[in-house]
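J.:
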Amino acid sequence: MAIKGLIRDVTSVTRVIKRRERAHDNASTEPNTFDNIGEVARALHPGKISLSISDIRKELDYTIIKLTGDKIPYFKPGQYLSLEFKYENYLTTRPYTLISSPKHALRNDKYVEIAIKNVGNTSKYLCESLEVGDSLNAEIALGNFTYEPLRDSKNVYAVAEDINTSFIRSYALSIIDGVIDCNLTILKLKNNKLIDSFIPECERINVIEIDSINDIKNHLSNDNSYFISGSSKFTHSVANLLSENGIQNRRIRKDYYDSIISDDVKNDNSIYEIEVLRGIESTIIKANANETIAVALEKNNIRIHTACRNGICGACRIKLIDGEVYIPSDNENRRKMDIEYGYVYACHTYPKGNLKIKISIN
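The working numbering applies: residue 1 is where the sequence shown begins, and numbers increase by one.
(1) With isoleucine 260 as the anchor, note down where its alpha helix (DSSP H) starts and where it stops.
(2) What is the DSSP secondary structure of leucine 363, counted as helix, strand or coil?
(3) Can you give the Cα-Cα distance for leucine 142 and isoleucine 163, rounded to whole angstroms?
(4) Aspartate 322 bridges to which residues according to DSSP?
(5) In three-state DSSP terms, what is aspartate 181?
(6) Just list the residues that DSSP pairs serine 50 with in beta bridges.
(7) If I'm right that glycine 69 touches leucine 81 with Cβ under 8 Å, what's the distance once you round it to whole angstroms?
(8) Sorted by chain position, which residues of the same chain lie with C-beta nearer than 8 Å to isoleucine 195's C-beta, five sequence neighbours on each side aside?
(9) Please look up how many angstroms separate the CB atoms of serine 367 and glutamate 113, rounded, as I've assumed it's under 8 Å.
(10) Does the Cβ of asparagine 89 have 16 or more other Cβ atoms within 10 Å, making it buried, or fewer, making it exposed?
(11) Less than 7 Å separating the beta-carbons of serine 221 and aspartate 255?
(12) Give me the Cα-Cα distance between lysine 356 and alanine 289, rounded to the nearest whole angstrom.
(13) For arginine 151, which residues in the same chain have their Cβ closer than 7 Å to its Cβ, ignoring the five residues on either side in sequence?
(14) Quick one: Cα of leucine 67 to Cα of asparagine 26, how far?
(15) Suppose contacts are defined by Cβ-Cβ distances below 7 Å. Is valine 132 in contact with isoleucine 72 by that definition?
(16) If we count Cβ pairs, one from each stretch, closer than 8 Å, do we get three or more for the region 300-312 versus the region 90-99?
(17) For glycine 198, which three-state DSSP category applies?
(18) Is the shortest distance between the beta-carbon of glycine 323 and the beta-carbons of chain B less than 7 Å?
(19) Residues in its own chain within less than 6 Å of methionine 1 by CB, not counting five upstream and five downstream?
(20) Going by C-alpha distance, which of Asn155, Cys316 and Asn32 is nearest tyrosine 343?
(21) Compute the distance between the beta-carbons of cysteine 347 and threonine 292, then report whether it is under 7 Å.
(22) Is it true that the CB of glutamate 324 sits closer than 7 Å to the CB of lysine 286?
(23) Alpha carbons only, please: which of Val295, Glu209, Leu173 and His45 is nearest the one belonging to proline 200?
(24) Between tyrosine 87 and asparagine 32, what straight-line distance do the alpha-carbon atoms span, to the nearest angstrom?
(25) Since tyrosine 147 is in the alpha helix (DSSP H), which residue starts that stretch and which ends it?
(26) Using a Cβ-Cβ cutoff of less than 6 Å, which residues in the same chain neighbour isoleucine 252 once the five nearest sequence positions on both sides are dropped?
(27) How about tyrosine 62 and lysine 110: are their beta carbons less than 7 Å apart?
(28) Let me know the secondary structure DSSP gives serine 225 once reduced to three states.
(29) Just how far apart, CA to CA, sit tyrosine 341 and arginine 335?
(30) Taking all protein chains shown into account, decide if serine 372 is buried (16 or more other Cβ within 10 angstroms of its Cβ) or exposed.
(31) Can you tell me whether DSSP reads threonine 14 as helix, strand or coil?
(32) Count the other CB atoms within 10 Å of the CB of tyrosine 74; is the residue buried (16 or more) or exposed (fewer)?
(33) For the alpha helix (DSSP H) holding arginine 278, just list the boundary residues, first then last.
(34) With 16 as the cutoff for other CB atoms within 10 Å, does alanine 41 come out buried or exposed?
(35) Return helix, strand or coil for isoleucine 302, following the three-state DSSP convention.
See below:
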């Protein structure tokens, strides 16, 4: 602010007050209810939206689904959508990585693409049953496996198992479109056939073939950020290798699609009862010991909010009132206060006996 002189600066306070009084007197008597911050939040996080399948194509072992809609929000490379669909006789959700560029969500013909690999019962079902023209509900822009320039290096190294290669495509397209400003080096494992067909060419994208994860030792530097994606076993193995060789934790980003379930739980065919409290309502349901609480609720048409399906995001947080549960130790991501006050994430928790739980009315 410019200094105009002692008298003018002191008297300007009076002038400002008079202007405010005139603005107040001339203002409308109708309250302004427009919520600018709320509008931005709803645009970026619209919740569940309706999408239509406009194209389906095959790329090696993947089925690529192109989804269009009017309210597709902007997203970041590395994020996923949670797809809702009917499987057998109940509604369920599954997360799938967004493989398109975020810029595609800003076009007039807004669209996103996901890649579904034909493994697992639900993914196989989707690959075989989805058709062009089908409508699906989805929640978009979820997850934090994203590039953050304040935290991450401009030199990004990506390593992924075959099944989780899809996230790299969104990163590559985002670099080409100028959405993110970084250099991408892909450490391609010899048996990963998807890199060649999935990744577009660009001078800022480099592919280096390695025989095993041990070869990552030849590419270590704290001037790099390492993005690792795959099974829990693979991801933790690579992260441990990096840590043991002096890479700082802030330079290591992890994304995994499963957890290591003990054989005792996998082979347990016991059936338990779960008392589900919703407000003043109480419902008794059956639950298999080798299925998560979230699956038990879905099979009994009791809806809860699910997203990552791997015990990370906490969307399916419920209160465990009574009973004993099993939570895979390799992927314990509950917040400290959730652990202290007895909350569990239903998508990642298995019953070890009869339970009593409380869920949100919504």
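Beta carbons: idealized from backbone N, C-alpha and C, even for Gly.
T.: With the given structure in hand:
(1) As a first step, residue 260 is located in the sequence shown; it is residue number 260 there, counting from the start. Isoleucine 260 -> no alpha helix (DSSP H), and no H or E assigned at all.
(2) Nothing can be reported for residue 363: it is not among the residues displayed for the chain, which extend from 1 to 362.
(3) Walking along the sequence shown from the start, residue 142 turns up at place 142. Walking along the sequence shown from the start, residue 163 turns up at place 163. C-alpha separation (whole angstroms): 19 Å.
(4) Reading the sequence shown from its first residue, position 322 is the one you call residue 322. Answer is Lys356.
(5) Indexing the sequence shown from 1 puts residue 181 at position 181. DSSP, reduced to helix, strand and coil, places aspartate 181 outside both helices and strands of the structure shown, so it counts as coil.
(6) Within the sequence shown, residue 50 is the residue found at index 50, counting from 1. Looking at the DSSP assignment, serine 50 forms a beta bridge with Asn137.
(7) Locating residue 69 in the sequence shown gives position 69, where the first residue counts as 1. Locating residue 81 in the sequence shown gives position 81, where the first residue counts as 1. The beta-carbon distance between glycine 69 and leucine 81, rounded to whole angstroms, is 11 Å. This is too long to meet the 8 Å contact definition.
(8) If you number the sequence shown from 1, residue 195 lands on position 195. For isoleucine 195, where only same-chain residues beyond five positions count, the Cβ hits under 8 Å are Thr165, Ile168, Ile186, Lys188 and Val207.
(9) Residue 367 lies beyond the stretch modelled for the chain, which goes from 1 to 362, so this question has no answer here.
(10) Here residue 89 corresponds to residue number 89 of the sequence shown, with the count starting at 1. Exposed is the call here.
(11) Working through the sequence shown from its first residue, we reach residue 221 at position 221. Working through the sequence shown from its first residue, we reach residue 255 at position 255. Not in contact: serine 221 and aspartate 255 (Cβ atoms no closer than 7 Å).
(12) On the sequence shown, position 356 is the one that residue 356 refers to. On the sequence shown, position 289 is the one that residue 289 refers to. Just so you know, the alpha carbons of lysine 356 and alanine 289 end up roughly 15 Å apart.
(13) Within the sequence shown, the letter at position 151 stands for residue 151. For arginine 151, where only same-chain residues beyond five positions count, the Cβ hits under 7 Å are Arg250.
(14) Locating residue 67 in the sequence shown gives position 67, where the first residue counts as 1. Locating residue 26 in the sequence shown gives position 26, where the first residue counts as 1. Roughly 49 Å between the two C-alpha positions.
(15) Mapped onto the sequence shown, residue 132 falls at position 132. Mapped onto the sequence shown, residue 72 falls at position 72. No, Cβ-Cβ distance for valine 132 and isoleucine 72 is not below 7 Å.
(16) Yes: at least three Cβ pairs fall under 8 Å.
(17) For the purposes of this step, residue 198 is identified with residue 198 of the sequence shown, where counting begins at 1. It is worth fixing the name first, because residue 198 is phenylalanine in this sequence and not glycine. Helix at phenylalanine 198.
(18) The chain labelled as chain B is not found in the depicted structure, where only one protein chain is given.
(19) The count along the sequence shown starts at 1 and reaches residue 1 at position 1. Reliability of the predicted coordinates at methionine 1 is poor, the pLDDT of 48 falling under 50, and no value is obtained from them.
(20) The count along the sequence shown starts at 1 and reaches residue 343 at position 343. Of the listed residues, the one whose Cα sits closest to tyrosine 343 is Cys316.
(21) Numbered from 1 along the sequence shown, position 347 holds the residue referred to as residue 347. Numbered from 1 along the sequence shown, position 292 holds the residue referred to as residue 292. Yes, they are a contact pair.
(22) Your numbering for residue 286 matches position 286 in the sequence shown. Your numbering for residue 324 matches position 324 in the sequence shown. Against a cut-off of 7 Å, the Cβ pair of glutamate 324 and lysine 286 comes out as no contact.
(23) Locating residue 200 in the sequence shown gives position 200, where the first residue counts as 1. When Val295, Glu209, Leu173 and His45 are compared, the shortest CA-CA separation from proline 200 is found for Leu173.
(24) Residue 87 sits at position 87 when you count from the first residue of the sequence shown. Residue 32 sits at position 32 when you count from the first residue of the sequence shown. Taking the straight line from one Cα to the other gives about 46 Å.
(25) Reading the sequence shown from its first residue, position 147 is the one you call residue 147. Annotation: tyrosine 147 is outside any alpha helix (DSSP H) and is labelled neither H nor E by DSSP.
(26) The residue given as residue 252 occupies position 252 in the sequence shown. Apart from sequence neighbours up to five positions away, the residues of its chain that approach isoleucine 252 with a beta-carbon distance below 6 Å are Tyr226, Ala239 and Leu242, ordered along the chain.
(27) As a working note, residue 62 is residue 62 in the sequence shown. As a working note, residue 110 is residue 110 in the sequence shown. Their beta carbons are not under 7 Å apart, which means tyrosine 62 does not touch lysine 110 by this criterion.
(28) Numbered from its first residue, the sequence shown carries residue 225 at position 225. Three-state DSSP puts serine 225 in a strand.
(29) Within the sequence shown, numbered from 1, the residue matching residue 341 stands at position 341. Within the sequence shown, numbered from 1, the residue matching residue 335 stands at position 335. Straight-line Cα distance between these residues: approximately 10 Å.
(30) There is no way to answer for residue 372, as the model of the chain reaches only from 1 to 362.
(31) Looking up residue 14 in the sequence shown gives position 14. Reduced to three states, the DSSP call for threonine 14 is helix.
(32) One-based indexing of the sequence shown puts residue 74 at position 74. Looking at its Cβ environment, which holds fewer than 16 other Cβ atoms inside 10 Å, tyrosine 74 is exposed.
(33) To locate residue 278, count along the sequence shown from 1; it is residue 278. Arginine 278: not part of any alpha helix (DSSP H); member of the beta strand (DSSP E) spanning 271-278, first to last residue.
(34) Position 41 of the sequence shown, counting from 1, holds the residue named residue 41. Its Cβ having fewer than 16 others within 10 Å, alanine 41 is exposed.
(35) Indexing the sequence shown from 1 puts residue 302 at position 302. Isoleucine 302 falls in the coil class under three-state DSSP.
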